[in-house]
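Enquirer: Starting off with a structure, shown below.
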Amino acid sequence: MYRTEKLVYLEALISRLKVDDEEFSSYQQAYYRSQAGLAGELKMQRTLADYHFPGPYKIFYNFECINEKGFSHQIDALIITTRFLLVVEVKQISGTLFYKPAFHEFARQTEEGVIENFKNPFDQAYRHQLYISYLLSKWGISLPVLYIVINANIRTKLDSSLNGYPIIHLSGLPNFLEKLYETNGESTVNLMDLERKLVSISRRLPYSKNVERDRLRNGVLCQNCDFHHVMYYHHGLWICPHCGVKSKEAIFLALHQYRLLIGDRITNRELRKFVGIDCKAVTSKLLKRLKFEQFGKGRGVYHLIPEDILERKNE
Ligand SMILES: [Zn+2]
């Protein structure tokens, strides 16, 4: 699930980025948005899991692919049935949502009265619809492709300027699907075949931003203190000078963040700088205990931080 990957990345980034970094608050906002987005998607998954589809169907959540022009598509949900294919764009925006169709302008007003523009979800979903329609015709499959924008926050108010546009509250999704079943006739589409074709073009798009190394804080950071404090190493334990927490495992999370934000290769020297240990022998011992795969020779020796570093701590 790409959202989760993005969330994990942004979480690592905001806990490592220097607080005075000029992009700090924008990444923090992106993190909160991403968190809200994930919450919205999970709510939709529950609603769809509860819905009884009258015929065969398949749902792809977070369907991602790259089109022939090299641009990416990230579709929150793609529902395929033998009667229609539905592109679902999920939003979890609070406040009141407004639309100025002539300008394709989508905005929200917060409870405090602040008006902000948002990416127009209709244009986003329409772009996906166009591409999926193009693919189906290329594959010789005849099936109506539709889209809907789902608002997953029950407290959000949809202004009457949105009347007649394809946006509904999540609770209306089952009813919306029922109507699609009524208005679209049965086709001869082989769902398994369509599913296979979609799987073959889907791919996970990695989420990362190239943030320069010197914008990131060093140190094994205390999770208990929301990563505000740097822990020190003493007799095999990482200790937080602020809250006093002692942990053998804190280094795993630090290296996980290093892997996400900087890279999966680390040398003894980089590790010393990153975790704040001056002594080379201590770091060597630490590396030995971590059992990372080692590559290169002499001064070029580096260690590979494994993808499952966080699971390793229990070993
Ligand atoms: Zn602490």
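In the numbering used here, the protein residues as written are 18 to 332.
C-beta atoms are modelled at their ideal positions from N, C-alpha and C, and glycine is treated no differently.
1) Is TYR296 close to ligand 1? I mean its beta-carbon at under 6 Å from any heavy atom of the ligand.
2) Could you spell out the range, first to last residue, of the alpha helix (DSSP H) harbouring ILE79?
3) Would you report the Cα separation of THR284 and ASN241, rounded to the nearest angstrom?
4) Scan the stretch 44-126 and note each continuous beta strand (DSSP E) run of 3 residues or more that stays entirely inside, going in chain order.
5) Throw me the rounded Cβ distance for the TYR275 and TYR26 pair, which I believe falls under 8 Å.
6) For LEU24 versus PHE101, is the C-beta spacing smaller than 7 Å?
7) Following a CB-centred definition, is HIS246 positioned closer than 6 Å to any heavy atom of ligand 1?
8) On the DSSP letters alone, give me the boundaries of the alpha helix (DSSP H) that GLN274 sits inside.
9) Which same chain residues end up closer than 7 Å to ASP281 when comparing Cβ atoms and leaving out the 5 residues on each side of it in sequence?
10) Do ALA124 and ILE132 count as a contact pair if the criterion is CB distance below 7 Å?
11) From LEU59, THR113, ILE165, ALA271, pick the residue whose C-alpha is nearest to that of LEU238; which is it?
12) For TYR143, which residues of its own chain have a beta-carbon under 6 Å away from its beta-carbon, when the five flanking residues on both sides are left out?
13) When we look at the beta-carbon of ALA94 and count the other beta-carbons within 10 Å, is it buried (16 or more) or exposed?
14) Taking contact to mean 3 or more Cβ pairs, one atom from each stretch, closer than 8 Å, check whether the stretch 156-174 and the stretch 106-117 are in contact.
15) Hey, is HIS259 close to ligand 1, as in C-beta under 6 Å from one of its heavy atoms?
16) Say whether the stretch 60-79 touches the stretch 29-43, bearing in mind that this needs 3 or more beta-carbon pairs closer than 8 Å, one atom from each stretch.
17) What is the DSSP secondary structure of PHE135, counted as helix, strand or coil?
Expert: With the given structure in hand:
1) Mapped onto the sequence shown, residue 296 falls at position 279. Strictly speaking, residue 296 in this sequence is Cys, with Tyr absent from that position. CYS296: no, Cβ never under 6 Å from ligand 1.
2) Counting from one through the sequence shown, the residue named residue 79 turns up at place 62. Reading off the sequence, residue 79 comes out as Asn, not Ile. Unbroken run through ASN79 is the beta strand (DSSP E), 74-83; no alpha helix (DSSP H).
3) For this step, residue 284 is matched to residue 267 along the sequence shown. For this step, residue 241 is matched to residue 224 along the sequence shown. A direct Cα-to-Cα measurement between THR284 and ASN241 gives close to 28 Å.
4) Whole beta strand (DSSP E) segments, 3+ residues: 74-83, 89-98, 102-108, 113-117, 122-126.
5) Here residue 275 is taken as the residue at index 258 of the sequence shown, counted from 1. Here residue 26 is taken as the residue at index 9 of the sequence shown, counted from 1. With 8 Å as the limit, TYR275 and TYR26 do not qualify as a contact, their Cβ atoms being about 13 Å apart.
6) Reading the sequence shown from its first residue, position 7 is the one you call residue 24. Reading the sequence shown from its first residue, position 84 is the one you call residue 101. Taking a C-beta distance under 7 Å as the contact criterion, LEU24 and PHE101 do not qualify as a contact pair.
7) In the sequence shown, counting from the first residue as 1, residue 246 sits at position 229. Checking every heavy atom of ligand 1 against the Cβ of HIS246, one is found closer than 6 Å.
8) Counting from 1 along the sequence shown, the entry for residue 274 is found at position 257. For GLN274, the enclosing alpha helix (DSSP H) starts and ends at 267-278.
9) The residue labelled residue 281 in the question sits at position 264 within the sequence shown. The residues are LEU321, ILE322.
10) On the sequence shown, position 115 is the one that residue 132 refers to. On the sequence shown, position 107 is the one that residue 124 refers to. Yes. Within cutoff.
11) For the purposes of this step, residue 238 is taken as the residue at position 221 of the sequence shown. The shortest Cα separation from LEU238 among LEU59, THR113, ILE165, ALA271 belongs to ALA271.
12) Taking the sequence shown and counting its residues from 1, the one referred to as residue 143 is at position 126. None.
13) As a working mapping, residue 94 is identified with position 77 in the sequence shown. Label assigned to ALA94: buried.
14) Contact holds: three or more Cβ-Cβ distances are below 8 Å.
15) Translated into the one-based positions of the sequence shown, residue 259 becomes position 242. Yes; taking the cut-off as 6 Å, the Cβ of HIS259 has a heavy atom of ligand 1 nearer than that.
16) The stretch 60-79 is not in contact with the stretch 29-43.
17) For the purposes of this step, residue 135 is taken as residue 118 along the sequence shown, with counting starting at 1. PHE135 falls in the strand class under three-state DSSP.
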